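> Got a structure for you, written out below as structure tokens; questions coming shortly.
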Amino acid sequence: MKSDQEDVNRRRDLGVHLTPEDIFQRYIYPMISDKLYHYAWMDLFCGEGNLILPILNYIPYEDRVPFFSKHIFMFDIQEEMIERAVKRSKEYGIPEDIASRNIRKNDSLANYPKIESDFPPFHITNPPYLYIGYIAKRKVERLMRYFNSENSGLQDLYQIALANDLRNGIERMIYILPTNFIFSEAGSNFARRMILSSYTIKEALLFERRIFHHTGMNVGIFHFSRITGNNDNIDFRARKIGTNERSITYSLKKSNDYRAGAGFDDYVRSHRREGNFDAGFYLHYEDLLMNSGENEVLLVNSKEYDGRTYRVERFLVNEWMYSRIMNNPLFVRTIDSGRWDGRAGLYPVRDFFDADGVYVRGQTYRTNPIQIFLRPEIDAKMALKLGKVFNERLEMLRASLDSDFMTTYKYTDSSPYVRKYLGLKHVRNLINTISPADLEGHE
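Residue numbers for the sequence shown follow the working numbering, beginning at 96 and rising by one.
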């Protein structure tokens with residue numbers, strides 16, 4: 096018998112996250128309740144069947160067998176899951192021989208199954224999620240083969256599932272997907288251009304809480320409908336479900352690769368000017384050694400944390416390095432703490448660590464405090480003003496864009512807001528919108 100950890104590892108290597116049944120009842124059924132007899136309901140990555148079999152709860156018991164035969168089709172690559180799904184179908188009153196005809200083992204990423212039905216297919220699924228970079232790093236050859244030929248350029252297994260539906264003419268789909276499908280740049284641009292040139296998003300649910308037992312993956316439920324003709328803009332409403340449920344209207348533009356949260360980029364483009372500030376990141380240990388001297392500085396070791404605070408160490412540096420550190424008193428906090436006074440942004444090293452700067456030795460980690468160096472160089476007083484301007488603009492953009500340009504870091508019931516990660520690319524781009532004139536008169 097497999098241990099819990101072995102089961103978790105197997106799921107991770109397959110990109111599989113089994114769907115709780117209540118996800119169908121609470122969120123998917125309302126999308127399809129008036130269409131049950133109109134489609135052939137299929138799930139090509141069915142697991143235990145929790146996204147399709149619950150449809151039978153809404154079919155009269157005496158009609159379930161003929162309904163199942165004509166309307167329900169399920170597939171999975173794992174024999175164990177097929178056996179579980181067949182067993183579960185018996186609980187709904189479906190004989191095993193009939194269940195076994197419509198619930199079959201199949202590698203649906205490689206071989207799209209043919210369904211014999213008089214009804215058009217409607218695909219409801221929670222496909223495998225596994226990024227190609229992770230697959231390559233783990234050297235999982237059986238998964239790398241999926242990205243050959245027509246799937247070249249796609250970056251994740253779930254994107255291949257979507258592309259297969261596109262190629263096979265599926266008109267309607269409801270997918271549980273990582274939210275990076277609509278928010279990510281490099282990892283999803285190609286897939287969005289491929290899929291959203293032919294499909295619109297009718298509605299979406301974006302979860303700001305954990306829904307899978309074995310992972311904290313940020314996911315949403317997306318209802319796709321095929322369209323014909325021009326699809327330069329896609330407008331849809333999304334419900335964000337978490338501590339504070341709310342509705343957001345998104346407008347995805349072909350010119351922005353159909354990416355949500357692109358308002359941040361629009362702001363940067365309209366405010367970036369020649370002569371504005373730029374920035375570099377990290378004070379490396381090697382640079383301190385190369386610039387040793389007689390001037391004392393106290394530096395935070397960004398990789399030595401005792402559970403309460405970071406260790407502060409003493410260095411002796413030359414005049415050039417001393418001036419560079421003292422004129423750049425800010426560090427980047429890339430992760431929201433969960434408190435309102437601990438949001439991501441630029442903050443004085445002295446106020447938080449009673450030190451002059453932050454250094455890193457060896458590999459860098461973007462979730463640790465990061466030293467920032469402004470260009471052109473200004474004195475410490477002006478740098479502190481820039482930090483305040485930066486944080487004001489960041490909070491303005493977070494409020495107007497619901498922080499969608501940032502990555503969800505961690506869900507927690509104890510935080511008054513969803514914690515987000517601020518990438519260094521966003522930090523640099525926002526600094527590019529600040530001019531020396533913006534600092535004049537700012538307290």
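Glycine included, C-beta positions come from ideal geometry on N, C-alpha and C.
Bear in mind that the values here come from a model prediction, so they are computed numbers and not experimental data.
#1: Taking the continuous beta strand (DSSP E) assigned at H218, which residues delimit it?
#2: Can you confirm whether the region 257–276 touches the region 209–219 when touching is taken to mean that 3 or more C-beta pairs between the two stretches lie within less than 8 Å?
#3: Along the chain, which unbroken stretches of the alpha helix (DSSP H) at least 4 residues long are found entirely within the region 294–370?
#4: Given a threshold of 16 other Cβ atoms within 10 Å of its Cβ, counted over all protein chains shown, does N197 qualify as buried or as exposed?
#5: Alpha carbon to alpha carbon, how far is Y153 from M501?
#6: Name, in chain order, the residues that DSSP records as bridge partners for T502.
#7: Roughly how many whole angstroms lie between the Cα atoms of K182 and I255?
#8: Looking only at C-alpha atoms, which of F331, N463, N313 sits nearest to F319?
#9: Following the continuous beta strand (DSSP E) through Y442, name the residue where it begins and the one where it ends.
#10: K232 lies in the alpha helix (DSSP H); which residues open and close that run?
#11: Taking A281 as part of the beta strand (DSSP E), name the residues at either end of that continuous run.
#12: Do T274 and N221 have their C-beta atoms closer together than 7 Å?
#13: Among E178, I193, Y187, which has the Cα closest to the Cα of N201?
#14: Is Y442 near R419, with beta carbons less than 7 Å apart?
#15: Please state whether DSSP places F447 in a helix, a strand or coil.
#16: Buried or exposed for I167, going by 16 or more other Cβ atoms inside 10 Å?
#17: Which ranges would you report for the alpha helix (DSSP H) in the region 142–190 if only whole runs of at least 4 residues count?
#18: Under 7 Å, do D327 and R287 count as touching if we go by C-beta distance?
#19: Evaluate D451 with the Cβ neighbour count: other Cβ atoms within 10 Å of its Cβ, from every protein chain shown; 16 or more gives buried, anything less gives exposed.
Reading off the structure:
#1: Residue numbering aside, residue 218 sits at position 123 when the sequence shown is read from its first letter. First-last of the beta strand (DSSP E) with H218: 216–220.
#2: Under the 8 Å Cβ criterion, the region 209–219 counts as touching the region 257–276, having at least three qualifying pairs.
#3: Within the region 294–370, the complete alpha helix (DSSP H) runs of at least 4 residues are 358–366.
#4: If you number the sequence shown from 1, residue 197 lands on position 102. The residue is buried, with at least 16 neighbouring Cβ atoms inside 10 Å.
#5: Here residue 153 refers to the residue found at position 58 when the sequence shown is read from its first residue. Here residue 501 refers to the residue found at position 406 when the sequence shown is read from its first residue. The alpha-carbon of Y153 is positioned some 40 Å away from that of M501.
#6: Residue 502 sits at position 407 when you count from the first residue of the sequence shown. In DSSP, T502 forms a bridge with Y516.
#7: In the sequence shown, the residue the question calls residue 182 occupies position 87. In the sequence shown, the residue the question calls residue 255 occupies position 160. K182 and I255: Cα-Cα distance of roughly 29 Å.
#8: Your numbering for residue 319 matches position 224 in the sequence shown. When only C-alpha atoms are compared, the closest one is F331.
#9: Indexing the sequence shown from 1 puts residue 442 at position 347. Here the beta strand (DSSP E) through Y442 covers 440–443.
#10: Stepping through the sequence shown from its first residue, residue 232 is reached at position 137. For K232, the enclosing alpha helix (DSSP H) starts and ends at 227–233.
#11: Position 186 of the sequence shown holds residue 281. Per DSSP, A281 lies in no beta strand (DSSP E) and is assigned neither H nor E.
#12: For the purposes of this step, residue 274 is taken as residue 179 along the sequence shown, with counting starting at 1. For the purposes of this step, residue 221 is taken as residue 126 along the sequence shown, with counting starting at 1. Taking 7 Å as the Cβ cut-off, T274 and N221 do not qualify as a contacting pair.
#13: Residue numbering aside, residue 201 sits at position 106 when the sequence shown is read from its first letter. When only C-alpha atoms are compared, the closest one is E178.
#14: The residue given as residue 442 occupies position 347 in the sequence shown. The residue given as residue 419 occupies position 324 in the sequence shown. No; because the gap between Cβ atoms is not below 7 Å, this pair is not in contact.
#15: Walking along the sequence shown from the start, residue 447 turns up at place 352. If DSSP states are grouped into helix, strand and coil, F447 belongs with the helices.
#16: Here residue 167 corresponds to residue number 72 of the sequence shown, with the count starting at 1. So I167 ends up on the buried side.
#17: Annotation note: the region 142–190 contains the following uninterrupted alpha helix (DSSP H) runs of length 4 or greater, listed N- to C-terminal: 159–166, 174–186.
#18: Your numbering for residue 327 matches position 232 in the sequence shown. Your numbering for residue 287 matches position 192 in the sequence shown. Cβ distance not < 7 Å, so D327 and R287 don't count as in contact.
#19: Along the sequence shown, one-based indexing puts residue 451 at 356. Answer is buried; the Cβ neighbour count reaches 16.
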